[in-house]
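Okay, so here's the structure we're looking at.
Number of protein chains: 2
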Amino acid sequence: MAPGWEAIRAEVMNRIRSRVWPPGGLIPSEETLAAEFGCARATVNRALTELATAGLLERKRKAGTRVAALPVRKATLDIPVIRAEVTARGQAYSFVLMSRDLTAPPTGVAARLGLASGVPLIHLQTLHLAGGLPQIFEDRWLNPAILPQHEPDFTAISANEWLVANIAFSTGDIAFSAEAASPAEAAALSVSPGAALFITERCTWSAHAPITWVRLAHAPGYRLQTLL
Amino acid sequence: MAPGWEAIRAEVMNRIRSRVWPPGGLIPSEETLAAEFGCARATVNRALTELATAGLLERKRKAGTRVAALPVRKATLDIPVIRAEVTARGQAYSFVLMSRDLTAPPTGVAARLGLASGVPLIHLQTLHLAGGLPQIFEDRWLNPAILPQHEPDFTAISANEWLVANIAFSTGDIAFSAEAASPAEAAALSVSPGAALFITERCTWSAHAPITWVRLAHAPGYRLQTLL
DNA sequence: ATGGCTATTATGTCTATACATAATGGCCGA
DNA sequence: TCGGCCATTATGTATAGACATAATAGCCAT
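The listed protein sequences derive, respectively, from chains A and B. Going by the numbering used here, the first residue of the first sequence is number 1, and it counts up by one from there. Going by the numbering used here, the first residue of the second sequence is number 1001, and it counts up by one from there.
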């Protein structure tokens, strides 16, 4: 007679799906539901809060809780470290640092990082391989101000892994798109120029300084997948 | 003296970022932290539970809570209804149903929906336009068993919108990839064949029956974007 | 009418306590 | 030494009660 919060979440989801509580409709108050289910209000709250963060319910103080009219589905993606992604598939991971220099980035990159254009950044181009085959071409701009005195040896540890292990991260954004392979990318990934590549573009900041901008061009066949 | 759970979450994040608690390291128990912060254990629990679902912490009974060694970042994407996405950009939305028939789907589609190949499904091809320009080419297979007696008029309401408004949904998955435009897609979106297109592929089931498989080919320039 | 104040109400959060559950580590016996 | 049982321990969940906060709805005075 005292269902757990997961049971309540399931029951509420049923009532939403079966339209006992129609989209946009107001559902009973936490107290009412607690009485109905025979549990404490906190338990109902736990369940409803979860469903609200999942986008199925909209809650407002005093106004009550209503079923979301347009259920904007939220999918959560895992953004793994490349090495982990490759080894999880049972393939051998390796990478090659193809170039490293210190120059001013394109204005687009500087702008997205919030830096004045003209400020020199470390530019790294890395090819990531899975089982010896090219998998991802990485184009990275890195703020030298966040590095220690002795710059890490990025031929030994990939910039990605060094950063996740050593740099405090606070915010960032990520974007996915499809683009035709540039000649450089085509050569690195051994595909024909113009091939459709899946692109991941990421930008990260620590509390005060920009850290890095990175663009990953995935070899054809790459799929980013998740459950709804 | 009694910080809220959000304050505690922030403080814990600080200690993780500043490496007071290093990656892979064990952090103090809930009780210890509650004593330190001067609040109840439930409050600490609320904060740590959140950080665990966000992927920053790993918690195991008895073993305690440790900072995630490989912080698999989780990005949450909003999957909006196409109309909402377009009108949110201030553009006029419209769509054209280009074809509708009832045939057996390709084996790949049948397999992903968990149907025997040979079962006929409704096949809809729709072009979505934003401000009169082609935006998304939709290729959808729909299980007729889940439709009411009178099939909705999919020239008047898009299948997508009819489904979110009328069909109970339980599980599904979604995948993103990049593919070269097929001749049909190229013609519909008025791009050259072979152009790099961003592809969204979605599969949904209700409690017992498969609902639909849909593939969206986005016009060049499309970006799927989110905060980390 | 209309503007602003106030009482009401549902959610948001916190506390203290209790018991459940999972996993570890050590004890004990074969 | 090895295996299995059990106590310990940290998290997971539930409880009743309390106060905070936001937003509505109605009232009142202009």
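Quick reminder that beta carbons are idealized off the backbone N, C-alpha and C, glycines included. Bear in mind the structure is a predicted one, so any value in this text is a computation, not a measurement.
Since residue i meets chain A, which of its residues come closer than 9 angstroms, beta carbon to beta carbon?
i                 : result
GLY1108 (chain B) : What GLY1108 (chain B) touches in chain A: nothing, since even the nearest Cβ is about 13 angstroms away.
PRO1023 (chain B) : VAL164, ALA165
PHE1169 (chain B) : ARG17, PRO71, ARG73, LEU228
Quickly, what does DSSP pair residue i with across the bridge? List them, please.
i                 : result
GLN125 (chain A)  : A:SER99, A:ASP139
HIS1218 (chain B) : B:ILE1136, B:PHE1198
THR204 (chain A)  : A:GLY172, A:THR212
ALA1180 (chain B) : B:ALA1196
ILE79 (chain A)   : B:ARG1073
ALA130 (chain A)  : A:TYR93, A:LEU133
GLN1225 (chain B) : A:ALA175
THR49 (chain A)   : Paired residue(s): none; THR49 (chain A) is not in a bridge.
GLU1058 (chain B) : B:ARG1066
LEU1026 (chain B) : B:ARG1066
Going by beta carbon distance, what residues of the same chain come within less than 6 angstroms of residue i, once the five residues before and after it are set aside?
i                 : result
LEU1189 (chain B) : PRO1134, PHE1137, ALA1219
ALA75 (chain A)   : THR226, LEU228
GLU58 (chain A)   : ARG66, ALA68
VAL1109 (chain B) : TRP1141, TRP1213
PRO1080 (chain B) : none
PRO1144 (chain B) : ILE1122
SER1177 (chain B) : ILE1199
GLU201 (chain A)  : ALA175, ARG215
By Cβ distance below 7 angstroms, which residues in the same chain neighbour residue i in space, the five residues on each side in sequence not counted?
i                 : result
CYS1203 (chain B) : ARG1112, LEU1113, GLY1172, ASP1173, TRP1213
ALA186 (chain A)  : SER192, PRO193, ALA195
ARG9 (chain A)    : ALA47, GLU50, LEU51
GLU1151 (chain B) : none
GLN91 (chain A)   : ALA130, GLY131
GLY1064 (chain B) : LEU1026, SER1029
TRP21 (chain A)   : ARG15, ILE27, VAL67
ARG41 (chain A)   : GLU30, GLU31, ALA34
GLU161 (chain A)  : VAL81, ARG83
ALA209 (chain A)  : ASN143, ALA145, ILE146
Going along chain A in order, which residues have a C-beta closer than 8 angstroms to the C-beta of residue i?
i                 : result
ASP1000 (chain B) : Summary: the structure shown does not reach residue 1000 (chain B), with chain B confined to residues 1001 through 1228, and so no result is reported for it.
LEU1189 (chain B) : Per Cβ cutoff of 8 angstroms: no residues; LEU1189 (chain B) is ~12 angstroms from chain A at best.
Mind reading off the beta-carbon distance from residue i to residue j? Whole number of angstroms is fine, and I expect it under 8 angstroms.
i                 : j                 : result
PRO1120 (chain B) : LEU1142 (chain B) : Not a contact, Cβ separation roughly 11 angstroms.
ILE211 (chain A)  : ILE146 (chain A)  : 6 angstroms
ALA1175 (chain B) : LEU224 (chain A)  : 7 angstroms
ASN14 (chain A)   : GLU30 (chain A)   : That pair is no contact at about 18 angstroms.
ARG1100 (chain B) : LEU1127 (chain B) : With a Cβ gap of about 13 angstroms, ARG1100 (chain B) and LEU1127 (chain B) do not count as contacting.
CYS39 (chain A)   : ALA2 (chain A)    : 5 angstroms
By alpha-carbon positions, which one of the options ends up nearest to residue i?
i                 : options                                    : result
LEU1163 (chain B) : B:THR1049, B:ARG1140, B:PRO1183            : B:ARG1140
ALA196 (chain A)  : B:ARG1017, B:SER1182, B:VAL1067, B:PRO1003 : B:SER1182
GLU1179 (chain B) : B:LEU1216, B:ALA1209, B:PRO1152            : B:LEU1216
ALA257 (chain A)  : A:ALA88, A:THR107, A:PRO152, A:SER99       : Shown here, chain A extends from 1 to 228; a query on residue 257 (chain A) therefore has no answer.
ALA1116 (chain B) : B:LEU1097, B:LEU1127, B:ALA1104            : B:ALA1104
GLY132 (chain A)  : A:ARG61, A:VAL86, A:ARG17                  : A:VAL86
ILE1206 (chain B) : B:ILE1167, B:PRO1022, B:ASP1153            : Before going further, note that residue 1206 (chain B) is Ser rather than Ile in the sequence given. Taking only the C-alpha atoms, the option nearest SER1206 (chain B) is B:ILE1167.
GLY1004 (chain B) : B:SER1018, B:PHE1037, B:PHE1095, B:ARG1017 : B:PHE1037
ILE1199 (chain B) : B:HIS1208, B:TYR1222, B:PRO1022, B:ALA1184 : B:TYR1222
THR1107 (chain B) : B:PHE1154, B:GLY1118, B:GLY1025            : B:GLY1118
ARG1017 (chain B) : A:ALA40, A:ALA165, A:SER177, A:GLY64       : A:ALA165
ALA184 (chain A)  : A:MET98, A:GLY55, A:GLN149                 : A:MET98
GLY55 (chain A)   : A:ALA209, A:THR155, A:PRO23, A:ASP153      : A:PRO23
ALA1007 (chain B) : B:THR1043, B:THR1032, B:LEU1070, B:ALA1209 : B:THR1043
PHE1169 (chain B) : A:LYS62, A:ARG73, A:ARG61                  : A:ARG73
Determine the chain B residues that contact residue i at a beta-carbon separation under 7 angstroms, and present them in chain order.
i                : result
LEU197 (chain A) : ALA1178, ALA1196
Interface residues of chain B around residue i at Cβ under 8 angstroms?
i                : result
ILE211 (chain A) : Ordered by position in chain B, no residue passes the 8 angstroms Cβ test against ILE211 (chain A), which lies about 12 angstroms from the chain.
LYS74 (chain A)  : THR1076, LEU1077, ASP1078, ILE1079
TYR222 (chain A) : SER1177, ALA1178
Using a Cβ-Cβ cutoff of less than 8 angstroms, which residues in the same chain neighbour residue i once the five nearest sequence positions on both sides are dropped?
i               : result
VAL96 (chain A) : THR126, LEU127, LEU129
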